[in-house]
Amino acid sequence: MQNFFALIPAAGSGSRMGDQMPKQYLSLAGKPMIHHALATLCNSPRLSRVFVVLSPGDGEWARHDWSEFSNKLSMLECGGATRAETVLNGLKAAQEGTVIEDDDWVLVHDAARPCLGGKLLDKLMDELEEDEVGGLLAVPVADTLKRSDPACRVERTEPREGLWQAQTPQMFRYRTLVDALSRAGGVTMTDDAGAIEALGLRPKLVVSDARNLKVTYPQDLALAELILKNL
1 MQNFFALIPA AGSGSRMGDQ MPKQYLSLAG KPMIHHALAT LCNSPRLSRV
51 FVVLSPGDGE WARHDWSEFS NKLSMLECGG ATRAETVLNG LKAAQEGTVI
101 EDDDWVLVHD AARPCLGGKL LDKLMDELEE DEVGGLLAVP VADTLKRSDP
151 ACRVERTEPR EGLWQAQTPQ MFRYRTLVDA LSRAGGVTMT DDAGAIEALG
201 LRPKLVVSDA RNLKVTYPQD LALAELILKN L
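Shown next, in the form of structure tokens:
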């Protein structure tokens, strides 16, 4: 029987937030932002273990109380220069201290997606548990898309049919994900599904909703707090 594990890469700086503190530690509803994602993952009875991957020498993590997650949470200080490197380092380090089989599932989730709900998490696992490849939460693109020229004028309208906005968690088997990220090498991957696609595989899109937003800019914090109050 395959097990489920989760991994949160949290070694980034979140420079677009315009704050000196790494984005994952910014206050959201009275808690560090990453706390909300950890709460959803650690409270899932289907997940065997949750790993958070920090930058070496991260000085902020220890300032907060994570004891409520101690029975399921492991902290790894092996973050890399890129997201892909951080995930790969974390996967390798996680297997050193935990029995993770090659066919076990790993759900990689953004620290800056604090509004993931338990029902959405279960939906992802239910739809992908028997899938040959794995997949990710995503929403169909609803807005009209414009491509700009260098002067920021509309060059053309792009058809949105068949386009989806990728979210996380993204769920793949341990060995497949390690192989995909290892082969990616120095190529910049903005999500794990891209590395899987580079192997010639086709991840499944699991319909999500806009509430599972990624906090990228300061104004997103207020929206995220509103969503959390209504989950």
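Going by the working numbering, 169 is the number at position 169 of the sequence shown; the sequence numbering is gapless.
Cβ coordinates follow ideal geometry from the N, Cα and C atoms, glycine included.
Residue i versus residue j - alpha carbon distance
i	j	result
VAL139	MET75	30 Å
ASP65	THR157	49 Å
GLU77	VAL53	6 Å
ARG46	GLN170	16 Å
LEU73	TRP164	31 Å
ALA222	MET189	29 Å
LEU228	ASP143	24 Å
CB contact flag (residue i, residue j, <8 Å)
i	j	result
GLY118	THR40	yes
GLY43	LEU120	For clarity, residue 43 is Asn in the given sequence; the question names Gly instead. No, these two residues do not count as a Cβ contact at 8 Å.
GLY214	ARG83	The displayed chain sequence assigns Lys, not Gly, to residue 214. Taking 8 Å as the Cβ cut-off, LYS214 and ARG83 do not qualify as a contacting pair.
ALA37	LEU137	no
ALA210	ALA166	no
Residue i CB to nearest heavy atom of the ligand NAP below 7 Å
i	result
ASP192	You won't find the ligand NAP in this model; it holds no ligand whatsoever.
Spatially closest choice to residue i from the options, by CA coordinates
i	options	result
LEU181	ASP143, ILE100, LEU88 and VAL52	LEU88
GLY90	GLN165, SER55 and PRO32	SER55
ARG160	VAL141, ALA6 and GLN167	VAL141
GLY162	GLN170, VAL154, VAL207 and PRO169	VAL207
LEU124	ARG183, GLY135 and GLU60	GLY135
PHE69	ARG113, ILE34, GLU225 and ALA84	ILE34
ASN71	GLY59, PHE51, TRP61 and GLU132	PHE51
ALA94	PHE5, ASP191 and LYS214	PHE5
GLU127	CYS115, ALA84 and LEU205	LEU205
THR168	ALA111, ARG49 and LYS92	ALA111
VAL133	ASP220, ALA195 and GLY57	ALA195
Beta-ladder partner(s) of residue i, from DSSP
i	result
LEU137	VAL206
THR157	LYS146
ARG49	PHE5
PRO242	Residue coverage of the chain in this structure runs from 1 to 231, which leaves residue 242 outside it and unanswerable.
VAL178	None, per the DSSP bridge assignment.
LEU73	VAL50
TRP164	PRO140
Interface flag, residue i vs chain D, CB-CB below 8 Å
i	result
GLU77	The chain inventory of the structure shown lacks chain D, comprising one protein chain alone.
Quick one: any contact between the region 146-155 and the region 99-106, if contact means 3 or more CB pairs under 8 Å?
The region 146-155 makes no contact with the region 99-106, as fewer than three CB pairs between them are under 8 Å.
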